[in-house]
Amino acid sequence: MTWVDLLLAAIAGVWAGLINTVVGSGSLVTFPTLLALGLPPVMANTTNNIGLVPGSISGTVGMLPEVKALKHELIRLGPLALLGGLAGALLLLWLPSSAFDTIVPILIAIGCILVVLQPWLTQKMAARAGRLAAEGRPPSSRKPWWPLPAIALSSTYGGYFGAAQGLLHMAILSLAMPDESWPRLNALKNALASIINFTAAIVFILVAPVSWPYVGALAVGSVIGGQLGARVGRRLPAVAYRVIIVVIGVIAIINQLVK
Numbered sequence: 144m145t146w147v148d149l150l151l152a153a154i155a156g157v158w159a160g161l162i163n164t165v166v167g168s169g170s171l172v173t174f175p176t177l178l179a180l181g182l183p184p185v186m187a188n189t190t191n192n193i194g195l196v197p198g199s200i201s202g203t204v205g206m207l208p209e210v211k212a213l214k215h216e217l218i219r220l221g222p223l224a225l226l227g228g229l230a231g232a233l234l235l236l237w238l239p240s241s242a243f244d245t246i247v248p249i250l251i252a253i254g255c256i257l258v259v260l261q262p263w264l265t266q267k268m269a270a271r272a273g274r275l276a277a278e279g280r281p282p283s284s285r286k287p288w289w290p291l292p293a294i295a296l297s298s299t300y301g302g303y304f305g306a307a308q309g310l311l312h313m314a315i316l317s318l319a320m321p322d323e324s325w326p327r328l329n330a331l332k333n334a335l336a337s338i339i340n341f342t343a344a345i346v347f348i349l350v351a352p353v354s355w356p357y358v359g360a361l362a363v364g365s366v367i368g369g370q371l372g373a374r375v376g377r378r379l380p381a382v383a384y385r386v387i388i389v390v391i392g393v394i395a396i397i398n399q400l401v402k
């Protein structure tokens, strides 16, 4: 390990922090970088997770006003993110790395499709609500139940590997809360990802092999990237979010299929 190696890891951390804050999938940059620098796969995964936690927190803090606007949803979904992150981290230690190879591209593809269809699905749901109101049967004001198991599952995946977890979270949140702005949903996604990654990091610190010099390099870079991403993410329109999510999703699928 040389200072050049650490510099490369830090630069990758900047990009990952920015990408994670805007949409997710920053691990598609840092994980291959750590492998190229000579770390074995499991150590690269654990090092990557721990090193990007400060960046996740940095991005969340950078969008704190948006997070506060959805604090009730964070209180509702946060415990599921914590439990999912814990379950995913334990699965990484117990299961072979090939266990999710088949399902991950499918999950990412479903997430991309849901993000693309979200405006159409929202329009259909609004039309249905209008019909019910016209018939004198206003729709229930209760929140839908399905986002709870969906977030639990996407959080488990996030604790296990994490690449494109933000894409899955955004697909779920945009359908569960169609009237919310995308910057707010993105901020909530960042807060949930911070919980997931921090929980998994605690497990990895206690029982898994970690390269601490690379953790430090990634942490410094990801904090910088997280702040840059917060500034970018706050200004992006919904269409830009969808385009970025789909592009990142396609890259993630290709990455999973060819590795």
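Sequence positions in the sequence shown follow this note's numbering and run 144 to 402.
No residue lacks a Cβ here, since even glycine has one placed at the ideal position from N, Cα and C.
Short of 6 Å from the beta carbon of V196, and not among the five residues preceding or following it, lie these beta carbons of its own chain, in chain order: N340, F341, A344. Here the alpha carbon of L234 sits roughly 12 Å from the alpha carbon of F347. A319 sits close to P287, with the two beta carbons spaced by under 8 Å.
With a beta-carbon spacing of about 4 Å, V157 and G364 fall inside the 8 Å limit used to define contacts.
Between the stretch 306 to 313 and the stretch 197 to 205, the count of C-beta pairs closer than 8 Å stays below three; the two stretches do not touch. In this chain, the alpha helix (DSSP H) harbouring A360 covers 355 to 378. Excluding five sequence positions before and after A159, the CB atoms of its chain that fall closer than 7 Å to its own CB belong to G169, S170, V172, T173, L195, G198, S365, G368, given in chain order. Annotation: G181 to W263 spans about 46 Å, alpha carbon to alpha carbon. Just measuring C-alpha positions, the residue of L225, P380, A230 sitting nearest P326 is P380. Across the set I394, R385, V390, the C-alpha of R385 shows the shortest separation from the C-alpha of L260.
Across the set V401, G392, L400, the C-alpha of G392 shows the shortest separation from the C-alpha of I256.
Proximity to G359 across L177, L225, N163 peaks at L177, based on C-alpha coordinates. Within the same chain, Cβ atoms closer than 6 Å to the Cβ of A362 are found at G194, P197, the five residues on either side in sequence being excluded.
A179 is classed as exposed because its beta carbon has fewer than 16 other beta carbons within 10 Å across all chains shown. Taking 8 Å as the cut-off, the beta carbon of V353 is found no closer than this to the beta carbon of T145. About 7 Å separates the beta carbon of L331 from that of V210, a gap short enough to meet the 8 Å contact definition.
If you keep only unbroken alpha helix (DSSP H) runs of at least 4 residues inside the stretch 288 to 350, you get 290 to 303, 308 to 319, 325 to 350.
L400 sits exposed, since fewer than 16 C-beta atoms from the chains shown fall within 10 Å of its C-beta. Cβ-Cβ separation between Y357 and A152: approximately 5 Å, consistent with a contact (criterion under 8 Å). Of the residues assessed, L349 falls on the exposed side of the cut-off, its CB having fewer than 16 other CB atoms within 10 angstroms. For A232, the closest alpha carbon among the candidates V375, R219, N163, G305 is that of G305.
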